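First up is the structure itself, then whatever we jot down about it.
Number of protein chains: 2
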Amino acid sequence: MYNACRMKLSITEENYLKAIFKLSERDNKAVSTNAIARQMQTSAASVTDMLKRLSEKKLLKYTKYKGVTLSEKGGKLSTNLVRKHRLWEVFLVDKLNFRWDEVHEIAEQLEHIDSPDLVNRLDAFLNHPKFDPHGDPIPSADGKFTLRSQQILTEVDHKLPVLVVGVREHSVAFLRHLDELDIHLGQQLEILERYDYDDSIRVRVGDHQQMISSKVARNIFVKINPS
Amino acid sequence: MYNACRMKLSITEENYLKAIFKLSERDNKAVSTNAIARQMQTSAASVTDMLKRLSEKKLLKYTKYKGVTLSEKGGKLSTNLVRKHRLWEVFLVDKLNFRWDEVHEIAEQLEHIDSPDLVNRLDAFLNHPKFDPHGDPIPSADGKFTLRSQQILTEVDHKLPVLVVGVREHSVAFLRHLDELDIHLGQQLEILERYDYDDSIRVRVGDHQQMISSKVARNIFVKINPS
DNA sequence: AATTATTTTTAGGCCAATCTAAAAATATAT
DNA sequence: ATATATTTTTAGATTGGCCTAAAAATAATT
């Protein structure tokens, strides 16, 4: 992965790549200039500029007015950024005792540190984690993501114990709300009853019960409890 | 220290500050434009540009043609950079098992990560180290350096067991040379004989003997062995 | 003190990344 | 299909950081 694309990019270029990577995760079609501008909190004009530059560096395929898709090179670079970001998040939570809602911004800086050796040693130091503190998969050094069977909490049957394995929302507010509900990765949940009239759900959270809104539940990934 | 100077600087600005800090460590007089240019591997003209900018930000006192001295603000910022650099070096060596000759470049990047909370937690995680892997003191959060009685190896009496506490040279070549001589921080040394005709010294290194050049010895800091 | 050498600053330009405003292309709606 | 709205690109300006070359200030030498 590293040797595949050892060119140094500016932090800005890396951030554009990551934004495009993120935007093309859902559907695999070309990403629009405007979407990137929104994601990067900048103007469409700046995006067009940057797309030209990244296109010249063969990091993406760019057709005027038609948006962009990452090239293989661009994809590998982005994946490596995601790898670094998530490994640093694990470090911050597991070793420095940060909460899961505090780590994103710092990892956003740390992911730009350029040293393959550092990343690999960090990975080893953390015992090769497969998921970050939010349950997102950490790509391996060769760019492979660990897949996992998971579903959204609202789509699970009643009376079926499940384990929390991830979240779909990463905002500080949402994460801290989950903290208050005592919902964290590895927590056992069980849907007890749904109240369709107000979109709320009664769940067992560990050994107590809780009412949660289905808006919250829709952002929690779970897997069937194998125990 | 942090609250005293919470302005964000560019990486370049931070590097200039660090360079000036380093150059004013030996003697306390004003640092010349040329000296900074040499240290930063850039032109005198660029330095003049930057000095104006840093001066406007009140980080240093700049008098045309007369060089610069850091202001209190500038001094604190530099000290904090040194603190971060050295803490990260400890992390890299102690936790990620890097050798002492490998860590400078990576720490050079990590020192620019901006998060007081991160630094303080890192400090705690490393058990508040007072010295980095080369024996250089790590300033505390409020900017104080731990002082230590030490002398240069060549200036120690014969037959006096001493402990290695630091190095004056940080080049990769020098550090690896010391590795080959089995000389590392904490190692016990004892000068057995000096050969003035070729400037070499016979020393006891731990439980064996070694010939080392006085050029090497002049770059080793030791303290009298208290045991 | 006058000349020479060195250091430092100024002047002018370049590049990456950004912006706003306007023009061009594409998409939507009647 | 024509008009309107939206998206995207171009044009031109700005800023930080860098450069070279030339001018100005200071230091060293005789």
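For the record, the sequence lines run as chains S and A.
Here this note's numbering is used: position 168 in the first sequence is 160, and no number is missing along the way.
Here this note's numbering is used: position 160 in the second sequence is 152, and no number is missing along the way.
For each residue, glycine too, the CB sits at the ideal point set by N, CA and C.
Since this is a predicted model, take the numbers as computed values, not measurements.
- Item | Against chain S: residues of the region 107 to 141 of chain A by CB proximity under 9 Å | S107, D109, L110, R113, L114, A116, F117
- Mind the definition here: the region 190 to 208 of chain S touches the region 170 to 177 of chain S only if three or more C-beta pairs lie below 8 Å; say whether that holds. yes
- Query: Going along the region 76 to 106 of chain S in order, which residues come within less than 9 Å of chain A, judged by CB to CB distance?
  - Reply: L84, K87, L88, N89, F90, E94, E97, I98, Q101, L102, H104, I105, D106
- Query: Roughly how many angstroms lie between the CA atoms of S163 of chain S and V156 of chain A, to the nearest whole one?
  - Reply: 50 Å
- Message: Rounding to the nearest angstrom, what Cα-Cα distance links Q202 of chain S and A27 of chain S in this structure?
- Response: 38 Å
- If V154 of chain A and V214 of chain A are in contact, beta carbons under 8 Å, what's the gap, nearest whole angstrom? 4 Å
- So which of S:P121, S:T34, S:L69 has the shortest CA-CA distance to T138 of chain S? S:P121
- What three-state label does DSSP hand Y54 of chain A in the structure shown? strand
- Query: Which one of S:L46, S:R75, S:D149 has the shortest CA to CA distance from L62 of chain S?
  - Reply: S:L46
- Query: DSSP puts T61 of chain S in a beta bridge; with which residues?
  - Reply: S:K53
- Item | Inter-residue CB distance, I204 of chain A and H150 of chain A (contact presumed, cutoff 8 Å) | Not quite, the Cβ-Cβ distance comes to about 15 Å (not below 8 Å), so this is no contact.
- Task: Could you pull the start and end residues of the alpha helix (DSSP H) that K44 of chain A belongs to?
- Result: 36 to 48
- the region 34 to 52 of chain S touching the region 84 to 93 of chain S, judged by at least three CB pairs closer than 8 Å: no
- Message: Assess contact between the region 28 to 40 of chain S and the region 124 to 136 of chain S, defined as three or more Cβ pairs (one per stretch) separated by less than 8 Å. Is contact present?
- Response: no
- Minimum length 4: unbroken alpha helix (DSSP H) runs contained in the region 158 to 203 of chain S: 164 to 172
- Task: Pick out whichever of S:L152, S:D174, S:L145 has its Cα sitting closest to the Cα of R160 of chain S.
- Result: S:L145
- Please classify K207 of chain S: does DSSP put it in a helix, a strand, or coil? helix
- Query: Out of curiosity, what's the CA-to-CA distance linking H200 of chain S and Q180 of chain S?
  - Reply: 10 Å
- Message: Please report the straight-line C-alpha distance between N20 of chain A and H126 of chain A, rounded to a whole angstrom.
- Response: 24 Å
- Item | Cβ distance (whole Å) where V60 of chain A is taken to contact I12 of chain A below 8 Å | 6 Å
- Task: Identify every residue that forms a DSSP beta bridge with K215 of chain S.
- Result: S:L155
- Message: Starting from I3 of chain S, trace the alpha helix (DSSP H) in both directions and tell me its first and last residue.
- Response: 3 to 15
- Message: So, with DSSP's three-state summary, where would you put N(-5) of chain S?
- Response: Any reading at N(-5) of chain S needs caution, since the residue's pLDDT is 45, under 50, leaving its predicted position unreliable; the model's value is listed next. DSSP places N(-5) of chain S in helix when its eight states are reduced to three.
- Task: Identify whether V95 of chain A lies in helix, strand or coil by the three-state DSSP scheme.
- Result: helix
- Query: Got a sec? Which residues, its chain only, sit under 6 Å from M32 of chain A by beta carbon, not counting five neighbours each side?
  - Reply: A11
- Taking 8 Å as the threshold, find out whether the region 73 to 90 of chain A comes into contact with the region 64 to 72 of chain S through three or more Cβ pairs. no
- Element boundaries [alpha helix (DSSP H), containing N26 of chain A]: 25 to 32
- Query: Does DSSP put F123 of chain S in a helix, in a strand, or in coil?
  - Reply: strand
- Is DSSP giving P131 of chain S helix, strand or coil here? coil
- Task: May I ask you to report which of helix, strand or coil DSSP gives Q101 of chain S?
- Result: helix
- Query: Assuming E17 of chain S contacts H104 of chain S under a Cβ cut-off of 8 Å, what Cβ separation, rounded to an integer in Å, is found between them?
  - Reply: Not confirmed; about 20 Å, so no contact.
- Message: Quick check on the burial criterion: 16 or more other C-beta atoms within 10 angstroms. Buried or exposed for N(-5) of chain A?
- Response: Only weak support exists for where N(-5) of chain A lies, its pLDDT of 44 falling under 50; the value from the coordinates is given anyway. Result: exposed.
- Query: Among all the DSSP beta bridges, which residues are the ones paired with Q143 of chain A?
  - Reply: A:V214
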